[in-house]
Amino acid sequence: MIWRATVLTLFPEMFPGPLGHSLAGRGLSQNIWQLNAVNIRDFALDKHKTVDDTCFGGGAGMVLKPDVVHAALQAGLESYQGAQPSILYMTPRGVPLTQNKVHSLVDTNPAGSIILCGRYEGVDDRVIHHWREHHGLQEVSLGDYILSGGEMAALTVIDACVRLLPGIVNTQESLESESFELDLLEFPHYTKPQNWQNQIVPEILLSGDHKKIAAWRHNQAEQITKERRPDLWQAYLNKKHC
Ligand code: ADE
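Here it is, written out as structure tokens:
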């Protein structure tokens, strides 16, 4: 089964964008994964191709119409021919995306993901409610800031999923060491020259003693996490001691 992303957007020309390059881009041209960028406007019902309307109750901004978004989601789901993709709505109101969540998306729905990108003030809440209740739609956020639409968020989710697919990241080892250290921020990396502007690469990394190097890196990861992310550090300590 080939993992496929179906992106529902008013700006399909934003895709594949950065996903056409680097690891994801190579995987795309090798057919390790597939991408459909679908224009929500194609599902408009009137001759003016209207996709949005003013907000009941007043206020600035336009809201995407439920009938149009519903038709786009339905066509997206039908294109999986009975397989079950995850269905995601990118919104700052969603559950924050984490690496664990990315793993579970790929493991639970190997057919891929349908990703709805909102614009303007968002999408009529009834269509979100319907798809949450009937098809398990999940609202996903990249973090506590507002993007001008869901497209950048969709690009990010897809990139994070695709690099977990077999054949994308060439050494399984790099994924494994990542998941081993997932609870901590990464340790620092260095390459040649050994002396750059009088900053010297730590001697231990040149020792060839792999055990000592691993311990040094682990310690660095702990220190950096403690300093920069007290939330992750506390979660790490709790996990370690239970
Ligand atoms: N759309 C706008 N802002 C977003 C965010 N922070 N995460 C996901 N989708 C968004």
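Quick note: the sequence shown uses full-length UniProt numbering, first residue 1, plus one each step.
Glycine included, every Cβ here is placed at the ideal spot set by N, Cα and C.
Spell out the partners DSSP gives N36 in its beta bridges.
Answer is T6.
Evaluate the contact criterion for the stretch 1-11 versus the stretch 146-161: three or more CB pairs, one atom per stretch, below 8 Å.
At 8 Å Cβ cutoff, the stretches touch.
Below 6 Å, is the gap between the Cβ of G150 and the nearest heavy atom of ligand 1?
Because some heavy atom of ligand 1 lies under 6 Å away, the Cβ of G150 counts as near it: yes.
Throw me the rounded Cβ distance for the L77 and H134 pair, which I believe falls under 8 Å.
With a Cβ gap of about 10 Å, L77 and H134 do not count as contacting.
Using beta-carbon positions only, say whether L88 and S113 come within less than 7 Å of one another.
In this structure, S113 lies closer than 7 Å to L88 by Cβ.
Output needed for P66: all residues of its chain with C-beta closer than 7 Å, excluding positions within five of it in sequence on either side, in chain order.
Within the same chain, P66 has close Cβ partners D124, R126 and V127.
Could you give the DSSP three-state label for L165: helix, strand or coil?
Coil, per DSSP.
According to the neighbour-count rule (16 or more other Cβ atoms, all chains shown, within 10 Å of its Cβ), is K90 buried or exposed?
Reading the sequence as shown, one finds Met at residue 90 and not Lys. By the 10 Å Cβ count, M90 comes out buried.
Does the stretch 206-226 come close enough to the stretch 181-190 to have 3 or more Cβ pairs within less than 8 Å?
Yes, since at least three Cβ pairs between the stretch 206-226 and the stretch 181-190 fall closer than 8 Å, the two stretches touch.
Kindly confirm or deny that the stretch 90-99 and the stretch 148-158 touch, where touching means at least three C-beta pairs closer than 8 Å.
Verdict: yes, contact present.
Quick one: measure Cβ to Cβ for D46 and M62, integer angstroms, because I've assumed they're closer than 8 Å.
At roughly 15 Å, the Cβ-Cβ gap does not stay under 8 Å, so D46 and M62 are not in contact.
Exposed or buried, W33, counting other C-beta atoms within 10 Å across all chains shown (16 or more means buried)?
Counting Cβ neighbours within 10 Å, W33 comes out buried, since at least 16 surround it.
What's the call for N170, buried or exposed, on a 16-neighbour Cβ count within 10 Å?
Counting Cβ neighbours within 10 Å, N170 comes out exposed, since fewer than 16 surround it.
Going by Cα to Cα distance, which pick from I224, Q197, H189 and H241 is closest to I204?
Residue H189 is the option with its Cα nearest to I204.
Classify Q199 as helix, strand or coil using the three-state DSSP reduction.
In this structure, Q199 counts as strand in the three-state DSSP scheme.
Kindly indicate which three-state DSSP category Y236 falls into: helix, strand or coil?
Here Y236 sits in helix by DSSP.
Output the distance between the C-alpha atoms of N238 and L97, rounded to the nearest integer angstrom.
Each residue's alpha carbon lies about 21 Å from the other.
Please report the Cβ distance between G94 and E139, rounded to the nearest whole angstrom; I am assuming they are in contact, meaning their Cβ atoms lie under 8 Å.
That belief holds up - the Cβ atoms of G94 and E139 are roughly 4 Å apart, short of 8 Å.
Residues in the same chain with beta-carbon distance under 8 Å from V38, minus the five sequence neighbours each way, listed in chain order, please.
If we look at V38 and ignore the five residues flanking it on each side, its Cβ neighbours are T6, V7, L8, T9, P12, A72, A75 and G76.
Could you round the C-beta distance between L35 and L19 to whole angstroms and report it? I think they count as a contact, below 8 Å.
Confirmed, about 7 Å.
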